[in-house]
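Just below is one structure, and these are the notes that go with it.
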Amino acid sequence: DAIDGLNDVFEYLTFARDPSWIRVTSVYWDKNQNRFRQKWSRATHDHDGLTDTTLQDMVDYVPAMASGDTVLLVESYMPFRPVFDMGLASGVTRHVIVTRPRFASQVIYDPSS
Numbered sequence: 099d100a101i102d103g104l105n106d107v108f109e110y111l112t113f114a115r116d117p118s119w120i121r122v123t124s125v126y127w128d129k130n131q132n133r134f135r136q137k138w139s140r141a142t143h144d145h146d147g148l149t150d151t152t153l154q155d156m157v158d159y160v161p162a163m164a165s166g167d168t169v170l171l172v173e174s175y176m177p178f179r180p181v182f183d184m185g186l187a188s189g190v191t192r193h194v195i196v197t198r199p200r201f202a203s204q205v206i207y208d209p210s211s
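Everything in the sequence shown is counted per our numbering, starting at 99 for the first residue and increasing by one.
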């Protein structure tokens with residue numbers, strides 16, 4: 099699907115030596131419950147998408163929004179191994195980006211299409 103393809107492009111552009119993964123989540127503000135919720139969430143390589151509960155751990159990344167607005171929360175994870183021993187430890191590089199849809203009020207995602 100499109101998100102797997104996005105992960106393929108990410109791995110190509112970053113010259114990933116180990117499998118990386120991404121997670122894309124559509125987030126909106128629920129004024130009735132006074133919290134952020136997700137419309138859908140999809141992660142690659144058998145990782146879990148965010149639920150409404152796990153999304154609450156990410157709310158520091160999401161800006162204040164009016165009711166009805168949506169944003170895309172895009173996370174990327176890439177293992178890091180130093181090419182040679184210079185005192186750096188191996189680990190995982192994580193990036194989080196939040197962006198609004200440009201040409202529509204929300205991004206509709208159907209994993210079966």
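Idealized CB from N, CA, C, for every residue including glycine.
Self-check item: Neighbour-count burial assignment, M176, 16 or more Cβ in a 10 Å radius
Solution: buried
Quiz item: Measuring CA to CA, which of R115, F182, P161 and F134 is closest to T152?
Solution: F134
Practice problem: Would you mind giving the Cβ-Cβ distance between T123 and Q131, rounded to the nearest angstrom? I have them listed as a contact below 8 Å. | Solution: Incorrect: roughly 17 Å between the Cβ atoms, too far for contact.
Exercise. Below 8 Å on the Cβ atoms is my guess for R198 versus V169; work out the distance and round it to an integer in Å.
Key: 5 Å
Quiz prompt | Distance, G185 Cα to S203 Cα | solution = Just so you know, the alpha carbons of S203 and G185 end up roughly 47 Å apart.
Self-check item: Distance between T149 and R115 (C-alpha atoms, nearest Å)
Solution: 30 Å
Quiz prompt | Cα-Cα separation, D128 to A100 | solution = Cα atoms of D128 and A100: separation of roughly 27 Å, rounded to the nearest angstrom.
Quiz item: For V196, which residues does DSSP report across the bridge?
Solution: Note: V196 sits in a beta bridge opposite L171.
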